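Only one structure is covered here, and it is reproduced in the block below.
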Amino acid sequence: MPEDFITLTFPDGATKKYHKNITGFEVAESISKGLARNAISITLDSDILDLDAPITRSGEIQINTWDSEDGQYTFWHSSAHLLAEAVQELYPEAKFGIGPPIENGFYYDIDFGEESFGQEQLEAVEKKMIELARQKSNFKKRNVSKDEALKFYEERNNEYKVDLIKELEEGTITFYEQGNFTDLCRGPHLPDTSSIKAVKLTKLAGAYWRGDVNRKQLTRIYGISFPKQKLLDEYLKQLEEARKRDHKKLGKELGIYMMDSMVGPGLPLWLPNGTVLRRTLEHFLREEQKHRGYQEVITPHIANIELYKTSGHYPYYKDSQFNPMEVDDDHYMLKPMNCPHHHRIYSNELRSYRDLPVRLAEFGSVYRYEQSGELNGLSRVRGFTQDDAHIYCTHDQLKDEIKNVIDLTQFVFKTFGMPVDIRLSYRDDNDEKYGGDYEYWERAQKEIKEAADEMNLNYKIVDGEASFYGPKIDFIIRDAIGRKWQLGTVQVDYVMPERFDLTYIGSDNNKHRPVIIHRAPFGSMERFVSILIEHFAGDFPLWLAPLQVKVLPISEDYNAYAKHCADKLTALGTRVEVDSRSEMIGGKIRDAETAKIPYMLIVGERELENGTVSIRRHKSGDIGTFSLEEFLSKVDEEIKNKHLPPSHLEEE
RNA sequence: GCCGGAGUAGCUCAGGGGCAGAGCAACGCUCUCGUAAAGCGUAGGUCGUCGGUUCAAAUCCGAUCUCCGGCUCCA
109 MPEDFITLTF
119 PDGATKKYHK
129 NITGFEVAES
139 ISKGLARNAI
149 SITLDSDILD
159 LDAPITRSGE
169 IQINTWDSED
179 GQYTFWHSSA
189 HLLAEAVQEL
199 YPEAKFGIGP
209 PIENGFYYDI
219 DFGEESFGQE
229 QLEAVEKKMI
239 ELARQKSNFK
249 KRNVSKDEAL
259 KFYEERNNEY
269 KVDLIKELEE
279 GTITFYEQGN
289 FTDLCRGPHL
299 PDTSSIKAVK
309 LTKLAGAYWR
319 GDVNRKQLTR
329 IYGISFPKQK
339 LLDEYLKQLE
349 EARKRDHKKL
359 GKELGIYMMD
369 SMVGPGLPLW
379 LPNGTVLRRT
389 LEHFLREEQK
399 HRGYQEVITP
409 HIANIELYKT
419 SGHYPYYKDS
429 QFNPMEVDDD
439 HYMLKPMNCP
449 HHHRIYSNEL
459 RSYRDLPVRL
469 AEFGSVYRYE
479 QSGELNGLSR
489 VRGFTQDDAH
499 IYCTHDQLKD
509 EIKNVIDLTQ
519 FVFKTFGMPV
529 DIRLSYRDDN
539 DEKYGGDYEY
549 WERAQKEIKE
559 AADEMNLNYK
569 IVDGEASFYG
579 PKIDFIIRDA
589 IGRKWQLGTV
599 QVDYVMPERF
609 DLTYIGSDNN
619 KHRPVIIHRA
629 PFGSMERFVS
639 ILIEHFAGDF
649 PLWLAPLQVK
659 VLPISEDYNA
669 YAKHCADKLT
679 ALGTRVEVDS
689 RSEMIGGKIR
699 DAETAKIPYM
709 LIVGERELEN
719 GTVSIRRHKS
729 GDIGTFSLEE
739 FLSKVDEEIK
749 NKHLPPSHLE
759 EE
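Residues in the first sequence are numbered consecutively from 109, following this note's numbering.
See below:
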């Protein structure tokens, strides 16, 4: 091929020849006018480029519009610049840090100096952004030398950009300009500001420069923008919907839990309905574990500090534990984890290789001193209960045991129809963060990966996320407003067996070290329940619902028959109540619907005469009249098989 | 811990130096009803807490507690 031609491959596999140095815009134009009009940037192989940048090589090309992730990324990146331009207009002294696009929008970190910046100021900036966007300023790219770049920001006393530029290579530094605003930036950007039609500045936060608590805290402005007002309206509506499933709101409405300032922050009190929910979950896992060879144990909530010094937890996590208390001449601590207690139980008897694996399980409550700003409903608390277990096995058994545990965890999430992300958490090069020998780590990381591969898990490997004693598999889920939380975890540990001098007698009659697997499918009952509430939006599967059936007599004349139906259900073990208030049936139905009770049984003259019940399902409405016996077996079947609620099945 | 918001009846919220408000819930009475709200009435408050300014503070100021959104952290 002659040198001045390149070949571009499109997402559908088609290829086309172009002159070298053709721009992305021209390529788009060659396909259709509409595409050229909507084009935002292009992605060449994995690089996102400006629309007017000359394309110098062959490769796979994608024209990015608003409908692609890369297109939105470009759109929001330019919006961040627009935000900065608006701030600069209103606050000429403001100094800019970084302003990247994020998953939903963008932010910019800004040093306002002595100026105070609050909610009220946000609106003015928002208005200014729209005003500036309408001026249709072009985003102009310019190559600058390192000296020139440094000089530019030194003149403006912007130590943040200087800090950034110092780390850049000569020859790779570019500035982007739009209107009166110039920014250090690698791009790419929109052709001009005019496509930014709707802007909402959503949050104001403090953010440390470079994420370092010891450096200055800048003001971070979060925002989101769209090419159409309608899209912004939809986004805001969606946010509002999401807030309706917030477990803090539903937890209160459904009587799941409460917080009380006299009890203390981060210390949830489980209300009767929440307790039913939690105990049902515990029973579910306890039964499953029984079938899988676990033995349950119970350990106290405090222990001598020596226990945690032996485990090595104490020096690593000193700051996130409640202060020790003095008892006689010793120091005791609220337990921040269950593992050391279980290790002592393991050591309580001489173990033979014939006994392994030993699987010790406990719903163990632990207490951790989380920073006050971190506490969040049931998701992040200072006292919580882990569905903890420790498996002591031989090296040969390790991989199979990991697979068993993964299988259990998958089974749990499948039962609730929950989508989870799986992460293999490895160590990084910061040796101070981890205990134990490097070669153990290598081995554990390898075993985990092999097990995950053999189970066909779809995972991501993340370095630096391991615990201090070993690598792990984490199960991550998102809450109603998109935040990620870790639920289940499976961790391999070669360190604790050494520290606690754990042994078993092998077939060779010698002592050997077992390996430990730490695991918690739910993670913590508190966090799991918070996610469960949001996942089902309070519309729980029948087997989990705190109140499963409400019997609604048409009038007081049918209270006795309603009671009769309820008694039959109670005898079956169903959680049932009768609404015998002197309300009209419509009112009773409404109250039961808003309380999200799965089944309503309406009984009046017709039902009394025929020994039937009229069934209403939450969210689905009237589903017809059945004999009481039919309903009993229907409920029984639905509970036994842990059906998901109808509303949820439709969504899947 | 840090930055920004918020806290008024059981719940959702209005009021913003001059008598503490509404809807829902609760309680009482009437109604006895067929698939998402019956009617009337009654009661309910140290306006998170402590202090200051003022003739007068729910309202202005300061401190503090708790909650929410971020940052940092997260066994």
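Quick reminder that beta carbons are idealized off the backbone N, C-alpha and C, glycines included.
Since the model is a prediction, treat every value here as computed from it, not as a measurement.
Please say whether residue j and residue i have beta carbons closer to each other than 8 Å?
i, j, result
"LEU385", "VAL637", "yes"
"ILE584", "TRP593", "yes"
"LEU506", "GLN403", "no"
"LEU152", "GLY142", "no"
"TRP651", "LYS522", "no"
"SER632", "GLN494", "yes"
"SER575", "TYR461", "no"
"LYS254", "LEU276", "yes"
"ILE406", "GLU470", "yes"
"SER428", "GLU348", "no"
"TYR440", "ASN412", "yes"
"LYS671", "VAL686", "yes"
Following the continuous beta strand (DSSP E) through residue i, name the residue where it begins and the one where it ends.
i, result
"ILE584", "580-586"
"ARG724", "720-725"
"VAL570", "567-571"
"GLN170", "167-172"
"LYS541", "Element bounds for LYS541: n/a, residue is neither H nor E."
"THR182", "Segment 177-198 is the alpha helix (DSSP H) holding THR182; no beta strand (DSSP E) there."
"ALA313", "306-316"
"ARG250", "248-251"
Which one or two residues does DSSP pair with residue i in a beta bridge?
i, result
"ILE625", "ILE499, VAL600"
"MET526", "Looking at the DSSP assignment, MET526 forms no beta bridge with any residue, so it has no partner."
"ARG488", "ASN484"
"MET441", "ALA411"
"PRO209", "PHE214"
"PRO661", "VAL711"
"GLU348", "The partner list for GLU348 (beta bridge, DSSP) is empty, contrary to what the question assumes."
"MET433", "TYR440"
"ASP537", "Looking at the DSSP assignment, ASP537 forms no beta bridge with any residue, so it has no partner."
Quick check: is any heavy atom of the ligand GDP less than 7 Å from the C-beta of residue i?
i, result
"PHE430", "For the ligand GDP, the structure offers nothing, since it holds no ligand at all."
Put residue i into one of helix, strand or coil per three-state DSSP.
i, result
"TYR343", "helix"
"THR388", "helix"
"GLU286", "Note on residue identity: the sequence assigns Gln, not Glu, to residue 286. Note: GLN286 maps to strand in three-state DSSP."
"ARG264", "coil"
"HIS643", "helix"
"PHE648", "coil"
"HIS449", "helix"
"TYR477", "coil"
"THR164", "coil"
"HIS751", "coil"
"LEU595", "strand"
"SER728", "coil"
"GLN656", "coil"
Could you pull the start and end residues of the alpha helix (DSSP H) that residue i belongs to?
i, result
"ILE273", "267-274"
"GLY363", "GLY363 -> no alpha helix (DSSP H), and no H or E assigned at all."
"ARG242", "227-242"
"PHE608", "No alpha helix (DSSP H) contains PHE608, which DSSP labels as neither H nor E."
"LEU736", "736-748"
"SER333", "Counting along the chain, SER333 falls outside any alpha helix (DSSP H), though it belongs to the beta strand (DSSP E) covering 325-334."
"ARG145", "141-146"
For residue i, which residues in the same chain have their Cβ closer than 6 Å to its Cβ, ignoring the five residues on either side in sequence?
i, result
"MET754", "The sequence as given places Pro at residue 754; Met does not occur at that position. So the list reads SER728, once near-sequence residues are dropped."
"GLY179", "ILE148, ASN172, THR173"
"MET109", "Because the pLDDT at MET109 is just 48, under 50, the model does not fix this residue reliably, and the value given afterwards should be weighed accordingly. Here the set comprises nothing."
"SER184", "With the sequence shown as reference, residue 184 is identified as Trp, and Ser is not the correct amino acid for it. Within the same chain, TRP184 has close Cβ partners PRO209, GLY213, PHE214."
So, at 7 Å on beta carbons, what are the nonlocal neighbours of residue i in its own chain, with the 5 sequence-adjacent residues on each side left out?
i, result
"HIS409", "LEU442, LYS443, SER473"
"LEU752", "GLY525, PRO649"
"GLU760", "Here the model assigns GLU760 a pLDDT of 42, short of 50, so the residue's position is not dependable and the matter cannot be decided."
"LYS236", "ALA194, GLU197, LEU198"
"LYS311", "TYR330"
"ARG476", "SER428, GLN429, PRO444, ARG490"
"ILE114", "TYR126, LYS128, ILE163, ARG165, SER166"
Below 8 Å CB to CB, which residues in the same chain sit around residue i once its five sequence neighbours on both sides are set aside?
i, result
"GLY55", "Outside the shown range of the chain, which is 109 to 760, sits residue 55, and nothing can be said about it."
"ARG551", "TYR602"
"ASN146", "THR173, TRP174"
"GLU642", "ARG353, ASP354, HIS355, LEU358, ASP587, ALA588"
"THR290", "PHE260, PHE283, TYR284"
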